Amino acid sequence: MIDERTQEQAALHVLGALSETDAREFNQRLQTDPELQAYVARLSAATDALAGSVPTVEPPPQLRAKILAQVAGRQKIVSPPERKFDFLSWLSWALATGLAVLCILFNVRDTQLRKTIGDQAQQIDNLNQLAQTLQSATNDLQKTVLALQETNRLANLHIAMLNSLLADAPKAIAVSLWDNQRQDGVFVAQNLKGLPPDRDYQLWVIDGQTPVAAGVFHVEQNGAVRMNFKPTQFVKTAGQFAVTEEVKGGVASPTLKNMVLASN
Amino acid sequence: MSFCAQVGDGRCSSVFNAKLDCALTFSKKDVNDQEAQDRDIELLRQIAAGDRAAFADFYDRHSTLMFSVACRILNDPGEAQDVLQEVFVQIWEKAGRFDSRLGKASSWAVALVRNKSIDRTRASQRRTRLAESAQADQAVTTQLSPSVNETIHGSENAKLIQSAIDELPSEQRHAIELAYFSGLTHDEISTKLNEPLGTIKARIRRGLLKLRDQLEGVL
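Residue numbers (this note's numbering), protein chains in the order written: chain A, 8 to 271; chain B, 182 to 400.
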């Protein structure tokens, strides 16, 4: 239903009596309103009657030839027919426009993401370089620490030489390296007298006045031995080392009369 | 023979009644009008494609009406020739812009002439004078020459059309003619006739609706 105001505008439109602003507004509405188009088309019958009411005046015959000649001399610019409003066409264009806008947005977003990724990759490279630098520094520090530990360990090592107490094996000799911090050590002996199968040598660490058993060993004919040892209880201060001959497997307390080696 | 032809003075006293009696004549005419409109649309399509023969055909079909309207508005055959020439060049170049949903091809062509003629009168600042003189002249020329409606639609229908126009209340007809032939906007008509704008708008709307209703089936 066309309201009265629109009817008035339509009447003024077909008469060409709308102001420029009103005409622009009306034409926009006319393009998309089929009911208004039909109304205007019917109303234009009235202006056709008005136009036809004027006295007939034939144009001069030469005017026809003049106009045809003028048109013949003009380069025809074939303009496409005015597009009618077609919802599907409109929808297609709307979709295409929407897709184009989305593509632009995605492109912008893609560019932003690429820039962000580039920045982050650069940051990762920087962090990797920093990590390598730190790793190198750490390695240096670790080396330093190891060197210091080694120095410290050497400082904690107690080296003792054990001499023979036996007349029949005067060349027997041994060395004990004791790490008080780690509570273990290495014992090396040579030229010991060989023992029968039911007998073993037993190493003792003397903590103050208390002997602490540190392991048993058996010597074959060559009289040599090398072993790592660990006392059976905590040693506060390893003052001396001694070796006794004991029954197979060792004993809880050393047999002093059977002492073979002892440190000073 | 139609009722209209049998009227003694050759003029239907009531267009409304005459329409009922002339139904057979009009239905045949409607078919012819539709064919003519279809032909015009096809010609404009061909013109848009660069067909000069179609352009010449279109000229032959509508140049008289267009030239007559230009003469009526400009009251100067020389200027009317210039306008007609410009408008036909415009048609040659812009035929593709014609939209058949908004009216007939002939209406479109006449609107081009009318607008171009009004532009000329505005440019020459003599619109008001022409509007007044043209109205005075029309009475004379109408007596001397048949109307274009008569040339195109035949004397019977032309009389019906003229009768419909004549039956409009004078204030409605005057407002419509000032808008159409003198190119005055509704504001200008309101000022010229010293009437409220709403009154002018209502007069024009009612006058055109009445004319449209009277002519339904004739044009």
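Backbone N, C-alpha and C fix where the C-beta goes; we use that ideal spot for every residue, glycine too. Given the structure is predicted, the values throughout are model-derived calculations rather than measurements.
Taking C-beta pairs closer than 8 Å, name the residues in chain A that residue i reaches, listed in chain order.
{"i": "R236(B)", "result": "Contrary to the premise, residue 236(B) reads as Phe rather than Arg in this sequence. Those within 8 Å of F236(B) in chain A are L75, V78."}
{"i": "A332(B)", "result": "The amino acid at residue 332(B) is misidentified as Ala; the sequence shows Thr. Within chain A, the residues near T332(B) are T63."}
{"i": "Q262(B)", "result": "P66, P67, L70"}
{"i": "P327(B)", "result": "P62, T63"}
{"i": "Q343(B)", "result": "S60"}
{"i": "D368(B)", "result": "S26"}
Can you pull the chain A neighbours of residue i, defined as C-beta to C-beta under 9 Å?
{"i": "K382(B)", "result": "R12, E15, Q16, A18, L19"}
{"i": "G364(B)", "result": "G23, A24"}
{"i": "I299(B)", "result": "G23"}
Would residue i be called buried (16 or more neighbouring beta carbons within 10 Å of its own) or exposed?
{"i": "S298(B)", "result": "buried"}
{"i": "R386(B)", "result": "buried"}
{"i": "F241(A)", "result": "exposed"}
{"i": "C110(A)", "result": "exposed"}
{"i": "N271(A)", "result": "exposed"}
{"i": "K382(B)", "result": "buried"}
{"i": "M8(A)", "result": "exposed"}
{"i": "Q119(A)", "result": "exposed"}
{"i": "P238(A)", "result": "buried"}
{"i": "R31(A)", "result": "exposed"}
{"i": "Q139(A)", "result": "exposed"}
{"i": "G284(B)", "result": "buried"}
{"i": "H367(B)", "result": "buried"}
{"i": "V152(A)", "result": "exposed"}
What residue range is occupied by the uninterrupted alpha helix (DSSP H) comprising residue i?
{"i": "A235(B)", "result": "233–255"}
{"i": "A292(B)", "result": "286–304"}
{"i": "V270(B)", "result": "258–275"}
{"i": "F33(A)", "result": "27–39"}
{"i": "Q209(A)", "result": "No alpha helix (DSSP H) holds Q209(A); the beta strand (DSSP E) holding it covers 206–214."}
{"i": "L359(B)", "result": "351–361"}
According to DSSP, simplified to helix, strand and coil, what is residue i?
{"i": "N170(A)", "result": "strand"}
{"i": "S328(B)", "result": "strand"}
{"i": "G388(B)", "result": "helix"}
{"i": "T151(A)", "result": "helix"}
{"i": "T251(A)", "result": "strand"}
{"i": "G105(A)", "result": "helix"}
{"i": "F375(B)", "result": "For the record, residue 375(B) in the displayed sequence is Asn; it is not Phe. Residue state, collapsed to three classes: coil."}
{"i": "F113(A)", "result": "helix"}
{"i": "D126(A)", "result": "helix"}
{"i": "Q227(B)", "result": "helix"}
{"i": "P66(A)", "result": "coil"}
{"i": "I333(B)", "result": "helix"}
{"i": "I163(B)", "result": "Because chain B is modelled from 182 through 400, residue 163(B) falls outside the range shown and cannot be assessed."}
{"i": "D175(A)", "result": "coil"}
{"i": "V21(A)", "result": "helix"}
{"i": "I180(A)", "result": "strand"}
{"i": "D186(A)", "result": "strand"}
{"i": "L164(A)", "result": "strand"}
{"i": "G201(A)", "result": "coil"}
{"i": "G364(B)", "result": "coil"}
{"i": "A259(A)", "result": "coil"}
Cβ closer than 7 Å: which chain B residues qualify as neighbours of residue i?
{"i": "P68(A)", "result": "Within 7 Å Cβ-Cβ: nothing; P68(A) doesn't reach chain B, min ~11 Å."}
{"i": "Q44(A)", "result": "R282, L283"}
{"i": "R49(A)", "result": "R393"}
{"i": "A53(A)", "result": "L389, L392, R393, L396"}
Specify, as a first and last residue, the run of the beta strand (DSSP E) that residue i falls within.
{"i": "R81(A)", "result": "Here R81(A) belongs to no beta strand (DSSP E), and DSSP marks it neither H nor E."}
{"i": "T217(A)", "result": "217–224"}
{"i": "G192(A)", "result": "191–197"}
{"i": "T232(A)", "result": "Here residue 232(A) turns out to be Val, not Thr, going by the sequence shown. Note, V232(A): beta strand (DSSP E), 232–236."}
{"i": "M266(A)", "result": "266–270"}
Are there any heavy atoms of the ligand PLP lying less than 7 Å away from the beta-carbon of residue i, as far as the coordinates show?
{"i": "P377(B)", "result": "Absence of the ligand PLP from the depicted structure is noted, as is the absence of any ligand whatsoever, leaving it without description."}
Give the interface partners of residue i over in chain B, defined as CB-CB distance under 8 Å, in chain order.
{"i": "R81(A)", "result": "V270, W273, E274"}
{"i": "S99(A)", "result": "Ordered by position in chain B, no residue passes the 8 Å Cβ test against S99(A), which lies about 21 Å from the chain."}
{"i": "T28(A)", "result": "Those within 8 Å of T28(A) in chain B number zero; the least Cβ separation is about 11 Å."}
{"i": "T39(A)", "result": "Under the 8 Å cutoff, chain B gives no residues; its nearest Cβ is about 11 Å from T39(A)."}
For a contact defined as C-beta to C-beta under 9 Å, what are the partners of residue i on chain B?
{"i": "R116(A)", "result": "Going along chain B, no residue has its Cβ under 9 Å from R116(A), so there is no contact; the nearest lies around 41 Å."}
In chain A, what lies closer than 7 Å to residue i by C-beta?
{"i": "Q227(B)", "result": "By Cβ distance, chain A contributes nothing, its closest Cβ being about 11 Å from Q227(B), past 7 Å."}
{"i": "I222(B)", "result": "Within chain A, no residue comes near I222(B); the closest Cβ sits about 11 Å away, beyond 7 Å."}
{"i": "S305(B)", "result": "In chain order: nothing, as chain A lies at least about 18 Å away."}
For the 8 Å Cβ check, are there 3 or more pairs between the region 209–218 of chain A and the region 233–251 of chain A?
yes
Would the region 219–234 of chain A count as touching the region 190–200 of chain A if we require 3 or more Cβ pairs under 8 Å?
yes
Assess, as a yes-or-no matter, whether the region 238–257 of chain B is touched by the region 63–70 of chain A under the definition of 3 or more beta carbon pairs within less than 8 Å.
yes
Please confirm if the region 367–384 of chain B is in contact with the region 253–265 of chain B, defined as three or more CB-CB distances below 8 Å between the two stretches.
no
For the region 17–26 of chain A and the region 43–60 of chain A, state whether three or more C-beta atom pairs, one from each stretch, are separated by less than 8 Å.
yes
Using 8 Å as the cut-off, can you tell me whether the region 150–162 of chain A makes contact with the region 253–267 of chain A, which would need three or more C-beta pairs spanning the two stretches below that distance?
no
Three-pair Cβ contact test at 8 Å for the region 349–362 of chain B versus the region 271–280 of chain B:
no
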